[in-house]
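Data first, discussion second: the structure below is written as structure tokens.
Protein chains: 2
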Amino acid sequence: MRRFLASVLGALAMTTTVHAQEPAPEVAIVIHGGAGTILPEEMSPAREAGFREKLTEALRAGHARLEDGADALDAVVAAILILEDSPLFNAGKGAVFASDGANELDAAIMDGRSLSAGAVSGVRHVANPIELARLVMEHSPHVMLYGEGAEEFALSRGISLVPQSYFFTRHRWEELEKARDEELQQRKSTVPQSGTVGAVALDARGNLAAGTSTGGTTNKRLGRIGDSPIIGAGTYADNASCAVSGTGHGEYFIRSVVAHDIASLMRYQGLTVEEAAEKVVLEKLVERKGEGGVIALDADGNIAMPFNTPGMYRGYIDKAGQLAVKIYADE
Amino acid sequence: MRRFLASVLGALAMTTTVHAQEPAPEVAIVIHGGAGTILPEEMSPAREAGFREKLTEALRAGHARLEDGADALDAVVAAILILEDSPLFNAGKGAVFASDGANELDAAIMDGRSLSAGAVSGVRHVANPIELARLVMEHSPHVMLYGEGAEEFALSRGISLVPQSYFFTRHRWEELEKARDEELQQRKSTVPQSGTVGAVALDARGNLAAGTSTGGTTNKRLGRIGDSPIIGAGTYADNASCAVSGTGHGEYFIRSVVAHDIASLMRYQGLTVEEAAEKVVLEKLVERKGEGGVIALDADGNIAMPFNTPGMYRGYIDKAGQLAVKIYADE
């Protein structure tokens, strides 16, 4: 509210003194497409270009909504929809396979203005779980719905269910076969778990929002709920601190309440968003051997994207309109 | 560890200088049986006595484990098992009915020493979900399992499933009928939601643990996940701050990340456990119209039990061995 008033007053001051055009709205968006063992030597140039292109498309889609004056929530959904619809990421279309050979998807969204939130977990027939999470937030008395109940709610809101075959991709199926094989041989899985997607946005009214969507982990046990749909763990937004979306080894993110811990360090210790996100991801999670990363954005448009893995698909369009898309640690 | 060393050194000093007996271990346990509209005028003396008796029994069971040198986790489980087995509380045997007439139970447990955690949600055939949550913590690669997957895991760990009829109580069935009737008439439900149970404990080695178990809310939608099984929302423990178990309108507890917020206020702002718990329950939750309460315990044995409802079933045995059991606000 203070920010809103300040920007109204600022705009008034400009128009009365210099008759300037209305300044471009101070908006920003940050996205991720998962953290993990992403190495240049294991990536073909074409595949790498595909990732960069899709991340750019998602950023532009979200940013366009913000420039049109839409809510941060709209931008988060617009960006994530594009990543969910791409087979490249472990969310929506490209979701990994659980141990029983099914795809079970999770998503959450949170509004930093009202602290409203919606989350779904274990859905098997919803192409765009982020959309369903938003419907839960806006039209359900509950915050979090699982599986069949979430799909029942989806139907009641006019969402068409898709067959499981919609989520089939050969790449993910081979990952499951490899993970099962490794499990049979009692070896630690080497299947990379990257690919969760997320977005955080700041709209022209100073409101923050965060969203995350995932297929979970390859070969996960039936009914496993990861951090992505858990408010405070993988997803959190509060205008008073920041918006956060996480990606990584979900169990560690749950136990460390990662997203809310970042917000708390800002709110209660006065850390900047960069300091808070780095402290949690590069210190606390590392001590606890929790692999992953986060994207975080504060109400002034400051951006943090720390990760403790070799790579994280990520990008932003900042308040100055500057676009960046990155994959590896040294970018 | 520091506490442990200090108490070992303290014990050594005592034995060498005054040949005193080993001091009684400094242990404590706090429990709740739900917050809500609990009024003396709506309670028969016999029913009230029943609640007080069962709370006392649970406290003594947990405390006895602590005196025997058991882990805080053991005490939490011992206390909650007694409350789950009683038809008086909305957990285990006395669980409320969901909208489809089934009982869907949730529970979580967390170890403040290791930050390990286990949670189950939506289980329909497990008499003691707190026991299953502990097995998830100790024997699953995952932190949180839902429904069928959680029951599959239960079977794999040798837990016998019970039929849904185990959870039938006339009292809870009538609550569902009343809630359905009120919904048909589009009236706000007046069915009290109290009865979630929880425990927090401090063992002789200075370790904290927290656990929560619930049947959720009467007439809840299929697949609804409340705050109890969500680490950071309804359940949290960290030796560095406190152990917390919550009870109330779960959706508000999720959005406010209640348990972790209390821990963060202690850790990052230096508040005492009483100050932190009261700030969250009596200020922040009240502003957001989130009804409920928490029990909280720090590593020095300080206890907080704030609630913003007319009553909360609660009690403790503190470090001095003092036992108290309370129901109404003015006790």
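Listed in order, the protein sequences are those of chains A and B.
Heads up, the first sequence stops at 434 in our numbering, and the numbers go up one at a time, no gaps.
Heads up, the second sequence stops at 434 in our numbering, and the numbers go up one at a time, no gaps.
Cβ atoms here follow ideal geometry from the backbone N, Cα and C, with glycine treated the same way.
Cβ separation of residue i and residue j, assumed to be a contact under 8 Å, to the nearest whole Å
{"i": "residue 359 (chain A)", "j": "residue 371 (chain B)", "result": "Between residue 371 (chain B) and residue 359 (chain A) the Cβ distance is about 14 Å, and since that is not below 8 Å, they are no contact."}
{"i": "residue 376 (chain B)", "j": "residue 364 (chain B)", "result": "Their Cβ separation, rounded to whole angstroms, is 13 Å, which puts residue 376 (chain B) and residue 364 (chain B) out of contact at 8 Å."}
{"i": "residue 345 (chain A)", "j": "residue 399 (chain A)", "result": "5 Å"}
{"i": "residue 300 (chain A)", "j": "residue 347 (chain A)", "result": "Going by Cβ atoms, the distance from residue 300 (chain A) to residue 347 (chain A) rounds to 14 Å, so no, they are not a contact pair."}
{"i": "residue 141 (chain A)", "j": "residue 414 (chain A)", "result": "3 Å"}
{"i": "residue 408 (chain B)", "j": "residue 229 (chain B)", "result": "About 28 Å; that fails the 8 Å criterion."}
{"i": "residue 428 (chain A)", "j": "residue 159 (chain A)", "result": "5 Å"}
{"i": "residue 169 (chain B)", "j": "residue 130 (chain B)", "result": "4 Å"}
{"i": "residue 201 (chain B)", "j": "residue 319 (chain B)", "result": "7 Å"}
{"i": "residue 465 (chain B)", "j": "residue 215 (chain B)", "result": "No statement about residue 465 (chain B) is possible, as the shown extent of chain B runs from 104 to 434 and does not include it."}
{"i": "residue 187 (chain B)", "j": "residue 194 (chain B)", "result": "5 Å"}
Within chain B, partners of residue i - CB distance below 8 Å
{"i": "residue 224 (chain A)", "result": "249 and 328"}
{"i": "residue 227 (chain A)", "result": "In chain order: nothing, as chain B lies at least about 12 Å away."}
Buried versus exposed call for residue i [16 or more other C-beta atoms within 10 Å across all chains shown]
{"i": "residue 389 (chain B)", "result": "exposed"}
{"i": "residue 423 (chain B)", "result": "exposed"}
{"i": "residue 401 (chain A)", "result": "buried"}
{"i": "residue 273 (chain B)", "result": "exposed"}
{"i": "residue 254 (chain B)", "result": "buried"}
{"i": "residue 242 (chain B)", "result": "exposed"}
{"i": "residue 392 (chain B)", "result": "exposed"}
{"i": "residue 232 (chain A)", "result": "buried"}
{"i": "residue 263 (chain A)", "result": "exposed"}
{"i": "residue 143 (chain A)", "result": "exposed"}
{"i": "residue 284 (chain B)", "result": "exposed"}
{"i": "residue 277 (chain B)", "result": "exposed"}
{"i": "residue 316 (chain B)", "result": "buried"}
{"i": "residue 145 (chain B)", "result": "exposed"}
{"i": "residue 268 (chain B)", "result": "exposed"}
{"i": "residue 374 (chain B)", "result": "buried"}
{"i": "residue 150 (chain A)", "result": "exposed"}
{"i": "residue 337 (chain B)", "result": "buried"}
{"i": "residue 119 (chain A)", "result": "The predicted model places residue 119 (chain A) with a pLDDT of 40, which falls under 50 and marks its position as unreliable; any figure quoted below should be read in that light. Result: exposed."}
{"i": "residue 286 (chain B)", "result": "exposed"}
{"i": "residue 275 (chain B)", "result": "buried"}
{"i": "residue 212 (chain B)", "result": "buried"}
{"i": "residue 261 (chain B)", "result": "exposed"}
{"i": "residue 252 (chain B)", "result": "buried"}
{"i": "residue 306 (chain B)", "result": "buried"}
{"i": "residue 152 (chain B)", "result": "exposed"}
{"i": "residue 147 (chain B)", "result": "exposed"}
{"i": "residue 434 (chain A)", "result": "exposed"}
Residue i, enclosing alpha helix (DSSP H) - first and last residue
{"i": "residue 284 (chain B)", "result": "273-287"}
{"i": "residue 314 (chain A)", "result": "It is not in any alpha helix (DSSP H) - residue 314 (chain A) instead sits in the beta strand (DSSP E) that spans 311-317."}
{"i": "residue 240 (chain B)", "result": "232-242"}
{"i": "residue 355 (chain B)", "result": "353-358"}
{"i": "residue 245 (chain B)", "result": "Unbroken run through residue 245 (chain B): none, as it is neither H nor E."}
{"i": "residue 165 (chain A)", "result": "148-170"}
{"i": "residue 264 (chain B)", "result": "Segment: none, residue 264 (chain B) is in no alpha helix (DSSP H) and carries neither H nor E."}
{"i": "residue 180 (chain B)", "result": "175-188"}
Chain A contact residues for residue i, given Cβ-Cβ distances below 8 Å
{"i": "residue 435 (chain B)", "result": "Limits of chain B in this structure are 104 at one end and 434 at the other, which puts residue 435 (chain B) out of reach."}
{"i": "residue 379 (chain B)", "result": "Simply none; closest approach about 10 Å."}
{"i": "residue 354 (chain B)", "result": "244, 245 and 246"}
Closer than 7 Å at the beta carbon, the chain B residues around residue i
{"i": "residue 316 (chain A)", "result": "The premise fails here: residue 316 (chain A) is roughly 17 Å from chain B at the closest Cβ pair, so nothing lies under 7 Å."}
{"i": "residue 325 (chain A)", "result": "251, 252 and 255"}
Amino acids of chain A, ordered along the chain, whose beta-carbon sits closer than 7 Å to that of residue i
{"i": "residue 372 (chain B)", "result": "371"}
Segment limits, beta strand (DSSP E) that includes residue i
{"i": "residue 135 (chain B)", "result": "131-139"}
{"i": "residue 369 (chain A)", "result": "Residue 369 (chain A) -> not in any beta strand (DSSP E); alpha helix (DSSP H) instead, spanning 361-372."}
{"i": "residue 300 (chain A)", "result": "300-305"}
{"i": "residue 208 (chain B)", "result": "208-214"}
{"i": "residue 400 (chain A)", "result": "395-401"}
{"i": "residue 383 (chain A)", "result": "First-last for residue 383 (chain A): undefined, no H or E at that position."}
{"i": "residue 226 (chain B)", "result": "220-226"}
{"i": "residue 204 (chain A)", "result": "Note, residue 204 (chain A): premise wrong, no beta strand (DSSP E); not H, not E."}
{"i": "residue 427 (chain B)", "result": "426-431"}
8 Å Cβ cutoff, residue i in contact with chain E
{"i": "residue 220 (chain B)", "result": "Protein chains A and B are contained in the structure displayed, whereas chain E is not."}
*Mind listing which residues of the segment 356-370 of chain A have their C-beta closer than 9 Å to chain B's C-betas, in chain order?*
357, 358, 359, 360, 362, 363, 364, 366, 367, 368 and 370
*asked:* For the segment 238-272 of chain B, list every residue whose C-beta sits within 8 Å of some C-beta in chain A, in sequence order.
replied: 243, 244, 245, 246, 247, 248, 249, 250, 251, 252, 253, 255 and 256
*Please list the residues of the segment 331-351 of chain B that have a C-beta atom closer than 8 Å to any C-beta atom in chain A, keeping them in chain order.*
333, 334, 335, 336 and 339
*Going along the segment 276-287 of chain B in order, which residues come within less than 9 Å of chain A, judged by CB to CB distance?*
none
*Taking a cut of 9 Å between CB atoms, which residues from the segment 149-177 of chain B lie near chain A?*
none
*Listed in chain order, which residues of the segment 186-218 of chain B have Cβ atoms closer than 7 Å to some Cβ of chain A?*
218
*Where the segment 390-418 of chain B meets chain A: residues whose CB sits under 9 Å from a CB there*: 391
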